[in-house]
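If you want my numbering, it's the 1-based position in the sequence shown plus 688. All C-beta atoms, glycine included, are put in the ideal place defined by N, C-alpha and C. Working notes, beginning with the structure itself.
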Amino acid sequence: MCKSLYILIGLLLTNLFPIYGQHPIDYKLGLIGGVNAALIQNSTGIQNIRWRYNLGLAIEQRFSPALGLVYQINYSRQGETVNLKYGGTGPVIGHQYITFDYVNLAIMARFRPKSERIFIQLGGQLGLLVNDYILVTDPFNQGKSFENVNKLDVGVTGGLGYRFGRHFVIDTRYYHGMKPILSDFISVNPQTGISTFNKQDKWYNRVYSLNLSYYF
């Protein structure tokens, strides 16, 4: 699945450059920041939103008034919030605040129908995990890091945006992670030396974001 995403991005790039190779290409550097409504999809469904944020840099490469590419690298805080209920079904007695922080590289094609201010964007995203943490707010207030977490995340992203003149751009976006957050692992019993394969639940990043960019 990850290989297919890389191939898709490669085809996108190789197809765009020949088509617009004879036209002047405009580059713009910008700053981007936004609010993340972060979720995690697992075998039991989706829990509660964890409100986070993202900050980074953007380069817009415009081939024509209607078509271009945008490259973004940002620091993105993600995760989810889980309600802890007494006995599993009783009143809420605490929360699990799950955090996964990434440095993400996104490449998206932007298309503006009839060269209007509204645009559609679609592309791929690769993320490098830089921090993971779970904080449990219950009578014990426990906190710890995860074990056996995949360092790379990959998925598709897309959404809609609006351009305010030459400098400001606002967009709303959805990111659909395709690589499991947690990785399976093998543990060895120190007394018997027997190896055991441990299969973890499949967790996937799901992030909705509202972003504001300023291009110089």
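Where residue i falls: helix, strand or coil (DSSP)
i, result
"S871", "coil"
"K716", "strand"
"S731", "coil"
"V752", "The sequence given here has Ser at residue 752, not Val. DSSP places S752 in coil when its eight states are reduced to three."
"S833", "coil"
Burial state of residue i, where buried means 16 or more other Cβ atoms lie within 10 Å
i, result
"T732", "exposed"
"Y850", "exposed"
"I813", "The question names Ile, but residue 813 in the sequence shown is Gln. Flag for Q813 reads buried."
"V818", "exposed"
"F788", "buried"
"I882", "exposed"
Any chain D beta carbon closer than 7 Å to residue i
i, result
"L719", "No chain D is part of this structure, which consists of one protein chain only."
Close Cβ partners of residue i (< 6 Å) along its chain, the five nearest in sequence each way excluded
i, result
"Y708", "Per-residue confidence for Y708 stands at a pLDDT of 48, beneath the threshold of 50, marking its modelled position as unreliable; the derived number appears in the next sentence. Closer than 6 Å at Cβ, skipping near neighbours: F751."
"V770", "Q735 and Q784"
Sequence-distant residues of its chain with Cβ nearer than 8 Å to residue i (five each side left out)
i, result
"K802", "A754"
"I713", "Q749, R750 and F751"
Beta-carbon proximity check, residue i vs residue j, cutoff 7 Å
i, j, result
"G843", "R861", "no"
"L793", "I761", "yes"
"R894", "Q729", "yes"
"E768", "R738", "yes"
"N836", "S875", "no"
"R899", "G722", "Correcting the residue type first, residue 899 is Asn in the shown sequence and not Arg. Yes. Within cutoff."
"D841", "S833", "no"
Selection from the options that minimises the alpha carbon distance to residue i
i, options, result
"G790", "S764, T769, R798 and F807", "Gly is not the amino acid found at residue 790; the sequence shown has Tyr there. Ranking S764, T769, R798 and F807 by Cα distance to Y790 puts S764 first."
"A725", "K716, Q766, E748 and Q888", "Q766"
"I808", "P868, I869, Q888 and L757", "L757"
Own chain partners of residue i with C-beta closer than 7 Å, once the 5 adjacent residues on each side are dropped
i, result
"L810", "M796, A797 and G846"
"K839", "L816 and L817"
Closer than 6 Å: residue i CB and nearest the ligand ADP heavy atom
i, result
"Y863", "Because no ligand of any kind appears in the structure shown, any question about the ligand ADP cannot be addressed here."
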